[in-house]
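Here the sequence shown is numbered in my numbering, starting from 3 and rising by one per residue. For each residue, glycine too, the CB sits at the ideal point set by N, CA and C. None of these values were measured; they are calculated from a predicted model. Notes for the one structure printed next.
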Amino acid sequence: MDVRTVRKDFPILNQRVNGEPLVYFDNAATSQTPLSVLDAVRSYYLTENANVHRGVHTLAERATEHYERVRQKVARFINAETAEDIIFTRSTTESLNVIARGFGDQVVKAGDEIVITAMEHHSNLVPWQELAMRTGAKLKFIELDTEQKLSLASAAEQITPRTKIVAVTAASNVLGTVTPINKLAKLAHQVHAFVVVDAAQLVGHQPVDVQKWDADFMAFSGHKMLAPTGIGVLYGRNDVLQMMRPVQFGGEMIEDVTRTKTTFKCAPLDFEAGTPNISGVVGLGAAIDYLNQIGFAVIEQREQKLVNYLLPRLREVTGVTLYGPQYEHTGVFSFNLSGLHPHDVATGLDMEGVAVRAGHHCAQPLMQTLGVNATVRASVAFYNTIDECQRFLDALVAVREFFQNGIS
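This is the structure we're talking about:
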C-alpha cells in the first residue's frame, strides 16, 4: 500500500491546524471518510433518493435494491450466515440497547447473572446495569490480569450456570487490548449463556468473523470504519433473533394492524421501524468496498508497523505512564504525562496540530481500575504515517517542556 496515494482519498488530512500540519490521532472515536464513500452518498441523493420498501416507482425500487444489497454486503463482511441476520441501527450504542431490551428482557430473570468485563465502554455497561435493575439479576465483572489483558481465570470464575448473558468488547477503546472472543464464547456456551460482542473498536482494523467467534450477537458502528455517522449494525443469529422482541414500533415493521392488534414482519425488518438512515447504509456499503479493496492483510500490516514504531518510543518519553498490554496491542494508546491533566496535554498537542482524545473515554469503571480519573488517548489508522508518529512524539515532548518551564 502506497500511503501517499491512500491519503489522497482523505483530503481532510491535508490541512493545517493552528498553523501546523494536521496529525489526526483520534481514529478510535471516529475514522475519516474517503472520497468514494462521500461520492456514494452524494450519488444516492442525486439519483435514487426515495424511501425504501414502500414505493413501487422506479426511484423507490432503486433505493430498496441498494439498501438490501448493502445488507448482503455487511453479512459477507462479518461472515454472517445470512443477510436476514443483519439489522441496521443508528450506532453500536443503539444496537446494544436493542439487545438488552428486546432480548435481555425475554431471557433474564431474578437471580440470573449478566457478565461483562472491567474494560467495557459505557454503551456495553449501562444497558446491562439497567437490565439487572429491571429484572433483579446480578451484574458481574471479568477482571484484568497483571498485563492489563482480560483474565481468562477471572472469566472462568465469573461465568457460572446462573449466567444468562456474557457481553464483552472485542477490543478495548482505552487499553488496546484484544479480547479472546472464542475462548469466552466457549465458556459461555458451556453454561448455555448468550454471547454479545461490541466490535466497534475492531471493525475496520481486523477481519471479523461472527461464525468463528461463535457469537450470538454482535454490534458495530459505521463511523469507526470510514462510513458516515449515524449508521450502525446489529448482528444476531437467526434463532436468537426469533427470541427477541421489537423495542420500537411504527411504520414499515408491521405485517398487519387493526384497532386492537398488530402483527409484525419477520427479522430483520421488524427491528427497523420508521424510515431508516438510507444514505448512511449506502455509505456503509461504500466503506466496506473501500476496505475490501485495500484488504485487511494490508491494513493490519500497516497499522502494526505504526504500533511497532510508537509503542516503544512512547514508553521512553520521560514522564509518560502508558496503559494497556506491553506487546500485543491495537493502534490505541492511552497514557498520562506526569504532573499534567490529560485535558491540558490534549490542548497542548492540538496547538501543535495533533488531534487526540482526553477524558475517561466513556469507560469510568476502567479508569477506577487503573487508579486514574482520565487519560490521553492517541489512536492510529492505516492512513497515518511514521512521520506523523514522530511528529506526535516530538509534540508530546514540546508540551511537557512548555508546562515544566511555565511551572518553574
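Practice task
Over the uninterrupted beta strand (DSSP E) stretch that includes Leu489, give me the two end residues.
Solution key: The shown model of the chain, from 3 to 410, leaves out residue 489, and the question about it has no answer.
Exercise for the section: Assess, as a yes-or-no matter, whether the region 240–256 is touched by the region 103–114 under the definition of 3 or more beta carbon pairs within less than 8 Å. Expected result: yes
Practice task
Verify whether the separation of the beta carbon atoms of Val176 and His363 is less than 8 Å.
Solution key: Within the sequence shown, the letter at position 174 stands for residue 176. Within the sequence shown, the letter at position 361 stands for residue 363. Contact flag set, yes.
Exercise for the section: Report the residue from Asp346, Gly333, Ala365 and Gln406 whose alpha carbon sits nearest the alpha carbon of Asp28. Expected result: For the purposes of this step, residue 28 is identified with residue 26 of the sequence shown, where counting begins at 1. Ranking the options by Cα distance to Asp28, first place goes to Gly333.
Practice task
State the DSSP-derived secondary structure class of Phe105, mapped to helix, strand or coil.
Solution key: Your numbering for residue 105 matches position 103 in the sequence shown. Helix.
Problem - Residue span of the beta strand (DSSP E) that contains Arg379, given as start and end - result: For the purposes of this step, residue 379 is identified with residue 377 of the sequence shown, where counting begins at 1. Element bounds for Arg379: Thr377 to Ser381.
Practice task
Could you tell me whether the Cβ atoms of Arg92 and Asn279 are closer together than 8 Å?
Solution key: To locate residue 92, count along the sequence shown from 1; it is residue 90. To locate residue 279, count along the sequence shown from 1; it is residue 277. Cβ atoms of Arg92 and Asn279: closer than 8 Å.
Problem - Beta-carbon contacts of Tyr311 that lie in its chain and below 6 Å, excluding the five residues immediately before and after - result: Position 309 of the sequence shown, counted from the first residue, corresponds to residue 311. Around Tyr311: Ile388 and Cys391.
Handout entry: Among Met135, Ala134, Leu189 and Leu127, nearest to Ala155 - alpha-carbon criterion
Key = For the purposes of this step, residue 155 is taken as residue 153 along the sequence shown, with counting starting at 1. When each option's Cα is compared against that of Ala155, the closest is Leu189.
Exercise for the section: Evaluate Arg304 with the Cβ neighbour count: other Cβ atoms within 10 Å of its Cβ, from every protein chain shown; 16 or more gives buried, anything less gives exposed. Expected result: Locating residue 304 in the sequence shown gives position 302, counting from the first residue. Classification for Arg304: buried.
Exercise for the section: Tell whether a beta-carbon distance below 8 Å holds between Phe90 and Ile233. Expected result: Indexing the sequence shown from 1 puts residue 90 at position 88. Indexing the sequence shown from 1 puts residue 233 at position 231. Yes, these two residues count as a Cβ contact at 8 Å.
Handout entry: For Ala357 and Leu324, the rounded distance between their alpha carbons
Key = Numbered from its first residue, the sequence shown carries residue 324 at position 322. Numbered from its first residue, the sequence shown carries residue 357 at position 355. Cα to Cα, the separation comes out at about 18 Å.
Handout entry: Any 3 or more C-beta pairs closer than 8 Å across the region 369–376 and the region 35–49
Key = no
Handout entry: Stretch pair the region 117–132 + the region 143–159: three plus CB contacts closer than 8 Å
Key = yes
Handout entry: Outcome for Gly238 when other beta-carbon atoms lying within 10 angstroms are tallied against a minimum of 16
Key = Here the question's residue 238 lines up with position 236 in the sequence shown. Looking at its Cβ environment, which holds 16 or more other Cβ atoms inside 10 Å, Gly238 is buried.
Handout entry: Stretch pair the region 375–385 + the region 165–172: three plus CB contacts closer than 8 Å
Key = no
Practice task
Determine the DSSP secondary structure at Pro23, reduced to helix, strand or coil.
Solution key: By 1-based counting over the sequence shown, the position of residue 23 is 21. Here Pro23 sits in strand by DSSP.
Practice task
List in chain order: all unbroken beta strand (DSSP E) runs of 3+ residues lying wholly within the region 153–224.
Solution key: 165–171, 196–200 and 219–223
Practice task
Could you check the C-alpha separation between Glu70 and Gln328 for me, to the nearest Å?
Solution key: Indexing the sequence shown from 1 puts residue 70 at position 68. Indexing the sequence shown from 1 puts residue 328 at position 326. So the two alpha carbons sit approximately 43 Å from each other.
Problem - Which residues DSSP lists as bridging Gly282, in chain order - result: As a first step, residue 282 is located in the sequence shown; it is residue number 280 there, counting from the start. Per DSSP, none; premise fails for Gly282.
Practice task
Thinking Leu228 and Leu308 are a contact (beta carbons under 8 Å), I'd like their distance in whole angstroms, please.
Solution key: The sequence position of residue 228 within the sequence shown is 226, counting from 1. The sequence position of residue 308 within the sequence shown is 306, counting from 1. With 8 Å as the limit, Leu228 and Leu308 do not qualify as a contact, their Cβ atoms being about 17 Å apart.
Handout entry: Leu342 classed as buried or exposed, judged by whether at least 16 other C-beta atoms fall within 10 angstroms
Key = The sequence position of residue 342 within the sequence shown is 340, counting from 1. Under this definition Leu342 is a buried residue.
Practice task
Pick helix, strand or coil for Thr320, following the three-state DSSP scheme.
Solution key: One-based indexing of the sequence shown puts residue 320 at position 318. Of the three classes helix, strand and coil, the one that applies to Thr320 here is coil, per DSSP.
Exercise for the section: Can you grab the Cα-Cα spacing for the pair Pro182 / Asp258, in whole Å? Expected result: As a working mapping, residue 182 is identified with position 180 in the sequence shown. As a working mapping, residue 258 is identified with position 256 in the sequence shown. Spanning the two alpha carbons is a distance of roughly 44 Å.
Exercise for the section: Under 8 Å by Cβ, that's how I've got Ile101 and Leu236 pegged, so tell me the actual separation to the nearest angstrom. Expected result: The residue labelled residue 101 in the question sits at position 99 within the sequence shown. The residue labelled residue 236 in the question sits at position 234 within the sequence shown. About 7 Å separates the two Cβ atoms, so the contact holds.
Exercise for the section: Taking 8 Å as the cut-off, decide whether the C-beta atoms of Gly254 and His55 are in contact. Expected result: Indexing the sequence shown from 1 puts residue 254 at position 252. Indexing the sequence shown from 1 puts residue 55 at position 53. It is worth fixing the name first, because residue 254 is Glu in this sequence and not Gly. Yes; because the gap between Cβ atoms is below 8 Å, this pair is in contact.
Problem - Backbone secondary structure at Glu305 - three-state DSSP - result: Numbered from 1 along the sequence shown, position 303 holds the residue referred to as residue 305. Three-state result, Glu305: helix.
Practice task
Indicate whether Gln208 and Glu330 have their beta-carbon atoms separated by less than 8 Å.
Solution key: As a first step, residue 208 is located in the sequence shown; it is residue number 206 there, counting from the start. As a first step, residue 330 is located in the sequence shown; it is residue number 328 there, counting from the start. Their beta carbons are not under 8 Å apart, which means Gln208 does not touch Glu330 by this criterion.
Practice task
Determine the closest residue to Lys140 out of Pro163, Ser153, Ala365 and Ala221, with distance taken between C-alpha atoms.
Solution key: Residue 140 sits at position 138 when you count from the first residue of the sequence shown. The option with the nearest alpha carbon to Lys140 is Pro163.
Problem - Terminal residues of the beta strand (DSSP E) in which Asp241 lies - result: Against the sequence shown, residue 241 aligns to sequence position 239. Segment Asn240 to Leu243 is the alpha helix (DSSP H) holding Asp241; no beta strand (DSSP E) there.
Handout entry: N-terminal and C-terminal residue of the alpha helix (DSSP H) that Phe79 is part of
Key = Residue numbering aside, residue 79 sits at position 77 when the sequence shown is read from its first letter. Note, Phe79: alpha helix (DSSP H), Thr60 to Ile80.
Exercise for the section: Would you mind working out which of Leu316, Val210 and Cys268 sits nearest Gly297, comparing C-alpha positions? Expected result: As a first step, residue 297 is located in the sequence shown; it is residue number 295 there, counting from the start. That would be Val210, whose Cα lies nearest to the Cα of Gly297.
Problem - Distance CB(Phe222)-CB(Val205) smaller than 8 Å - result: Locating residue 222 in the sequence shown gives position 220, counting from the first residue. Locating residue 205 in the sequence shown gives position 203, counting from the first residue. Yes; because the gap between Cβ atoms is below 8 Å, this pair is in contact.
Problem - Close Cβ partners of Asn53 (< 8 Å) along its chain, the five nearest in sequence each way excluded - result: On the sequence shown, position 51 is the one that residue 53 refers to. Counting only Cβ-Cβ distances below 8 Å, and skipping sequence neighbours, we find Ala62, Ala65, Thr277 and Ile280.
Practice task
With a floor of 3 residues, list each beta strand (DSSP E) that falls wholly inside the region 117–153, ordered by position along the chain.
Solution key: 140–144
Handout entry: Cβ-based burial, Ser97 [other Cβ within 10 Å; buried from 16]
Key = What you label residue 97 is simply residue 95 of the sequence shown in a count that begins at 1. Burial call: buried.
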